[in-house]
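Line order of the protein sequences matches chains D and Z.
The letter at position 301 of the first sequence is residue 545 when you use this note's numbering, and the numbering goes up by one with no holes.
The letter at position 94 of the second sequence is residue 98 when you use this note's numbering, and the numbering goes up by one with no holes.
Glycine residues also receive a C-beta, built at the ideal position from the N, C-alpha and C atoms.
Notes to accompany the following structure.
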Amino acid sequence: MTTQQKIPKLKTAGTAAAGRRRPQRQPGVGALLAAGSGTAMASVCAIGLFHIERLVGGLWSVAAVCIGGAICAVLARIFGRLSNVIPSGAALLAFVSRGLNRRLGVALVSPYLLMMLFLVGFEALIVGALIARMAPIPTPVGALLFLVGTWLVCRSGLQIGYRAQAFSTWTLFIALVGLSIMAMFHAADQGELSSRLLTQAPSLSSFIAAVGQALFLFMGFELVTSHAEVATKQAVSKALWGSVIVLTLFYGTVSLGFSCLDNPPAQGHGLYVPQLAIAEQAGGQGVIVMVALICVLASFSSFNGALLALSRFSYALAVQGVLPRPLAKMDPRTLTARAALAALLGLALAFTLLVYFFSLYEASIFSAAISAALVYAVATLTAERPPFRATERLGIRRVASLLLALGLIALAIGVIVDAGEDRISTILLLICAYAAALYAAWRTGRTHKKAPINVPTPSLKKTMASP
Amino acid sequence: MTPLPEALEKFVKAYHGNQNLVNEQAGWDCAIVLVASDSKESVALQIENGRVDKIGTELEEVDLVITSNHEVLLDILELRRDPNEPYMFGELTIQGPEDHFMRLDYVMTVLCPV
Numbered sequence: 245m246t247t248q249q250k251i252p253k254l255k256t257a258g259t260a261a262a263g264r265r266r267p268q269r270q271p272g273v274g275a276l277l278a279a280g281s282g283t284a285m286a287s288v289c290a291i292g293l294f295h296i297e298r299l300v301g302g303l304w305s306v307a308a309v310c311i312g313g314a315i316c317a318v319l320a321r322i323f324g325r326l327s328n329v330i331p332s333g334a335a336l337l338a339f340v341s342r343g344l345n346r347r348l349g350v351a352l353v354s355p356y357l358l359m360m361l362f363l364v365g366f367e368a369l370i371v372g373a374l375i376a377r378m379a380p381i382p383t384p385v386g387a388l389l390f391l392v393g394t395w396l397v398c399r400s401g402l403q404i405g406y407r408a409q410a411f412s413t414w415t416l417f418i419a420l421v422g423l424s425i426m427a428m429f430h431a432a433d434q435g436e437l438s439s440r441l442l443t444q445a446p447s448l449s450s451f452i453a454a455v456g457q458a459l460f461l462f463m464g465f466e467l468v469t470s471h472a473e474v475a476t477k478q479a480v481s482k483a484l485w486g487s488v489i490v491l492t493l494f495y496g497t498v499s500l501g502f503s504c505l506d507n508p509p510a511q512g513h514g515l516y517v518p519q520l521a522i523a524e525q526a527g528g529q530g531v532i533v534m535v536a537l538i539c540v541l542a543s544f545s546s547f548n549g550a551l552l553a554l555s556r557f558s559y560a561l562a563v564q565g566v567l568p569r570p571l572a573k574m575d576p577r578t579l580t581a582r583a584a585l586a587a588l589l590g591l592a593l594a595f596t597l598l599v600y601f602f603s604l605y606e607a608s609i610f611s612a613a614i615s616a617a618l619v620y621a622v623a624t625l626t627a628e629r630p631p632f633r634a635t636e637r638l639g640i641r642r643v644a645s646l647l648l649a650l651g652l653i654a655l656a657i658g659v660i661v662d663a664g665e666d667r668i669s670t671i672l673l674l675i676c677a678y679a680a681a682l683y684a685a686w687r688t689g690r691t692h693k694k695a696p697i698n699v700p701t702p703s704l705k706k707t708m709a710s711p
Numbered sequence: 005m006t007p008l009p010e011a012l013e014k015f016v017k018a019y020h021g022n023q024n025l026v027n028e029q030a031g032w033d034c035a036i037v038l039v040a041s042d043s044k045e046s047v048a049l050q051i052e053n054g055r056v057d058k059i060g061t062e063l064e065e066v067d068l069v070i071t072s073n074h075e076v077l078l079d080i081l082e083l084r085r086d087p088n089e090p091y092m093f094g095e096l097t098i099q100g101p102e103d104h105f106m107r108l109d110y111v112m113t114v115l116c117p118v
């Protein structure tokens with residue numbers, strides 16, 4: 245009775261709904277743009293950007309950001325192609341698994357996801373520091389409140405919608421870009437603008453390291469592809485490009501603002517929150533509180549989405565036995581993987597303590613940047629394999645893809661070379677992440693099949709029939 | 005090869021046979037189409053208040069489109085495989101709101117326990 249008939253189309257907003265539920269509106273380019281940019285614009289990225297600015301200085305940091313942005317613009321095209329062929333919420337894992345194989349998919353993508361979770365620990369401490377500027381709460385306690393509070397919201401099944409995400413993203417953009425422009429005017433008033441921006445040329449190795457670290461700033465922009473199930477292919481492709489442009493403008497401008505900070509700390513300064521410093525320079529306590537609130541809101545909206553997505557990912561891996569089976573439980577009322585959420589909260593708390601007690605601030609940024617560069621290299625190579633490879637692609641374009649992948653690997657090496665006293669801790673973090681990934685890959689077997697269900701076959705009916 | 009509607013009817017029988025599971029889905033309305041990307045076959049089902057109300061091919065619009073190859077869809081409908089596995093590794097794609105897929109995934113996981 246199966247026929248090769250026209251496939252029914254998806255219901256969209258405005259269509260008469262059959263039943264109690266109204267069809268959900270498809271997110272447009274604007275909503276996806278805010279989601280993609282917002283995911284990358286984490287508070288921890290401001291610290292990464294500050295580090296780039298301290299490393300190479302002035303307009304050189306803007307150049308590093310722009311080169312990072314240019315690389316990500318090419319990657320946006322690649323991710324658009326991957327998502328067009330496999331429009332899956334599983335995104336990177338689905339792409340690499342189809343292009344290479346499942347075990348390589350798990351081995352190569354999991355470290356990137358683990359490093360994202362590790363960064364949550366750092367992000368939580370930043371939020372703790374932001375909360376400490378608003379209320380007499382110690383930084384670690386504020387971090388704990390942030391993690392547990394977000395977890396409780398996720399546990400109830402509540403996910404921040406596109407409008408709320410857009411509000412937090414654009415508010416953060418306007419606030420920090422505005423403050424950065426004010427900082428530049430302040431430097432110009434003091435006659436110091438050119439000396440702050442036109443700094444001595446950095447060494448080649450430092451500049452390469454800065455470009456490699458700039459990739460960290462864009463980390464997460466490719467997660468726009470995870471919305472492919474609810475958005476059109478065109479919207480996803482445009483949002484990928486748009487996110488790169490928005491992020492490049494944002495980081496370039498804020499970097500200039502950081503160059504114009506009056507009293508930046510020296511290296512090895514522990515937890516320093518540059519967005520608070522720029523707020524303090526611009527105005528009084530009111531501006532600081534406003535910036536702190538905006539950053540906490542942005543961090544919350546990012547972490548909410550990330551935690552729910554990671555919990556579903558963990559749940560799916562647990563169902564297959566890659567992760568412990570007790571995590572393979574779904575709450576029927578809220579449709580949340582509560583066991584996986586609890587495990588992720590535990591991990592996030594552990595990572596927060598690790599970052600705090602071992603001062604792994606820079607090592608976590610470096611290792612995240614390296615994992616991003618490597619997974620982007622893998623994605624680049626995956627795009628040249630079936631089913632993603634366009635048969636009409638010129639050989640020179642394939643060579644260009646290979647060169648891009650090698651360039652990304654070179655950037656990752658550059659980050660390690662220039663890591664200085666954080667090199668050993670960076671390498672240790674990466675070893676832990678890749679070891680865990682290799683173990684998960686080892687547990688990723690072939691397809692598990694059971695015996696089919698034993699139900700008497702009913703008679704077939706030719707038209708719509710009630711069972 | 006088993007036709008998709010036949011496998012789907014077996015699945016529906018198994019689902020309706022678990023009354024607790026059906027009761028848990030009260031209030032869930034969803035129109036789903038399964039599309040075999042290799043054979044271009046498709047079959048649809050309409051769920052009303054948690055029960056499968058209709059099976060067939062005559063639906064103009066749906067809430068969820070599930071696409072995979074014929075063998076994977078059969079494996080899922082005959083409860084040999086959990087849909088998470090092909091989904092995570094890019095062998096099955098969905099289009100439509102996530103909450104419908106999460107609910108369907110929950111139903112599958114109960115019927116096809118790990």
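- By the neighbour-count definition (other C-beta atoms within 10 Å, threshold 16), His20 (chain Z) is an exposed residue.
- When the Cα atoms are used, Gly549 (chain D) and Ala627 (chain D) turn out to be separated by approximately 27 Å.
- Taking a C-beta distance under 9 Å as the contact criterion, Asp67 (chain Z) and Pro101 (chain Z) qualify as a contact pair.
- Around the beta carbon of Val643 (chain D), fewer than 16 other beta carbons lie within 10 angstroms, which makes this residue exposed.
- Contact between Met285 (chain D) and Thr413 (chain D) holds: CB atoms are separated by about 6 Å, below the 8 Å threshold.
- Taken atom to atom, the span from the alpha-carbon of Asp433 (chain D) to that of Leu585 (chain D) is near 51 Å.
- Under the Cβ criterion of 9 Å, Ile330 (chain D) is counted among the residues facing chain Z.
- Residues are counted here when their Cβ sits less than 7 Å from a Cβ of chain Z; for the segment 444 to 477 of chain D these are Glu473 and Val474, given in chain order.
- Counting along the chain, no alpha helix (DSSP H) covers Asp57 (chain Z); the unbroken beta strand (DSSP E) around it starts and ends at Arg55 to Gly60.
- By the Cβ neighbour-count rule, Asn88 (chain Z) is buried, with 16 or more other Cβ atoms within 10 Å of its own.
- According to the DSSP secondary-structure assignment, Leu96 (chain Z) is paired through a beta bridge with Z:Ser72.
- Glu665 (chain D) is classed as exposed because its beta carbon has fewer than 16 other beta carbons within 10 Å across all chains shown.
- Any Cβ of chain Z closer than 9 Å to the Cβ of Tyr406 (chain D) would place that residue at the interface, and such an atom is absent.
- Relative to the Cα of Met426 (chain D), the nearest Cα in the group D:Ala479, D:Phe502 and D:Leu357 belongs to D:Phe502.
- Contact between the segment 484 to 497 of chain D and the segment 310 to 323 of chain D is present: three or more C-beta pairs spanning the two stretches fall below 8 Å.
- DSSP places Ile381 (chain D) outside both helix and strand once states are collapsed to three, so it counts as coil.
- Contact between the segment 298 to 310 of chain D and the segment 449 to 462 of chain D is present: 3 or more CB-CB pairs across the two stretches fall below 8 Å.
- In this structure, Leu336 (chain D) keeps its C-beta atom at 9 Å or more from the C-beta atom of Ala612 (chain D).
- Bounds of the beta strand (DSSP E) holding Ile36 (chain Z) are Cys34 to Ala40.
- The beta-carbon of Ser341 (chain D) is placed less than 9 Å from the nearest beta-carbon of chain Z.
- Here Val468 (chain D) is buried. Its C-beta has 16 or more other C-beta atoms within 10 Å.
- Chain Z has no Cβ within less than 9 Å of the Cβ of Val643 (chain D).
- For Gln525 (chain D), there is no enclosing beta strand (DSSP E); the residue is found in the alpha helix (DSSP H) stretching over Pro518 to Ala526.
- Considering only beta carbons, the part of the segment 83 to 97 of chain Z lying closer than 9 Å to chain D consists of Leu83, Arg84, Arg85, Asp86, Asn88, Glu89, Pro90, Tyr91, Met92, Phe93, Gly94, Glu95, Leu96 and Thr97, in chain order.
- The way I'd put it, the segment 66 to 81 of chain Z does touch the segment 33 to 42 of chain Z; three or more beta-carbon pairs between them come closer than 8 Å.
- By the Cβ-count criterion, Pro570 (chain D) is exposed, with fewer than 16 other Cβ atoms from all chains shown falling within 10 Å of its own Cβ.
- Annotation for Glu52 (chain Z): the continuous beta strand (DSSP E) segment containing it runs Ser46 to Glu52.
- Annotation: the segment 375 to 448 of chain D contains the following complete segments of the alpha helix (DSSP H) (minimum length 4 residues), in chain order: 383 to 399, 406 to 433 and 437 to 441.
- Residues of chain D whose Cβ lies closer than 8 Å to the Cβ of Val66 (chain Z) are, in chain order, Pro252, Lys253, Leu254 and Lys255.
- Unbroken alpha helix (DSSP H) stretches of 4 residues or longer found wholly inside the segment 581 to 649 of chain D: 582 to 602 and 605 to 626, given in chain order.
- Within its own chain, the residues whose Cβ lies closer than 6 Å to the Cβ of His104 (chain Z), once the five positions on either side in sequence are excluded, are Cys34, Asp67 and Leu68, listed in chain order.
- Nearest neighbour of Ala679 (chain D) by Cα position, chosen from D:Leu358, D:Phe294, D:Ala562 and D:Ser305, turns out to be D:Leu358.
- Residue burial annotation: Val385 (chain D) is exposed, with fewer than 16 other C-beta atoms found within 10 angstroms of its C-beta.
- Counting other Cβ atoms within 10 Å of its Cβ, Pro382 (chain D) stays below 16 and is therefore classed as exposed.
- Of the candidates D:Pro508, D:His430, D:Phe417 and D:Ser555, the residue whose Cα lies closest to the Cα of Thr492 (chain D) is D:Phe417.
- Taking CB atoms only, Tyr620 (chain D) has no neighbour in chain Z less than 9 Å away.
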